[in-house]
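The structure under discussion appears below in the form of structure tokens.
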Amino acid sequence: MTAKLSDENVQQWAEQAVDLAAQLLTTAQAQQTAAEKRQAAKIAGMMRDPRGKLMTMALSDQAFRSHDPARINDQIMHLIHDYGVPAYFADWEQVALELGTRIGQYIPHLVVPFVVARLRAETSSVILPG
């Protein structure tokens, strides 16, 4: 025997699903740690910064691809030239990225590992290691 779905039943289920999703979101937000709140705020900032989002995606891809610090630094400088430093970055992160890549032109083997480590730390919860 097949149950017949009415438009009314489907509408009720949809409303219940929306209510349940809202309850789950409220509960999850109430249980967020301070670190999770900071990360959520940063991701929200990225979503409001289209060029910053493109830069971040390209930067993550390029910084994790090569193992040559000079090559990584050149690529980061190229991306900054193309996209600019993401506006959603904190002020100190913007300055660090700009200064780091400029200094990295001269001593990439010392500077670039810090940049890559910072990127890995920032993306560790959303990018699987590979």
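The working numbering puts the first residue of the sequence shown at 2, with every later residue one more than the last.
Where a beta carbon is used, it is the ideal one built from N, C-alpha and C, also for glycine.
Just curious, the alpha helix (DSSP H) that residue i is in, first and last residue?
| i | result |
| --- | --- |
| Ser61 | Pro51 to Arg66 |
| Pro70 | Pro70 to Tyr84 |
| Leu100 | Asp92 to Gly105 |
| Ala88 | Here Ala88 belongs to no alpha helix (DSSP H), and DSSP marks it neither H nor E. |
My understanding is that residue i touches residue j, with C-beta atoms under 8 Å, so please give their C-beta distance in whole angstroms.
| i | j | result |
| --- | --- | --- |
| Ile73 | Val113 | 5 Å |
| Val117 | Gly101 | Not really, about 11 Å apart at Cβ, beyond 8 Å. |
| Leu120 | Ser67 | Between Ser67 and Leu120 the Cβ distance is about 13 Å, and since that is not below 8 Å, they are no contact. |
Report the residue from the options whose alpha carbon sits nearest the alpha carbon of residue i.
| i | options | result |
| --- | --- | --- |
| His110 | Ala88, His79, Asp75 and Gln95 | Asp75 |
In the structure shown, what three-state DSSP assignment does residue i receive?
| i | result |
| --- | --- |
| Lys43 | helix |
| Gln33 | coil |
| Leu111 | helix |
| Leu6 | coil |
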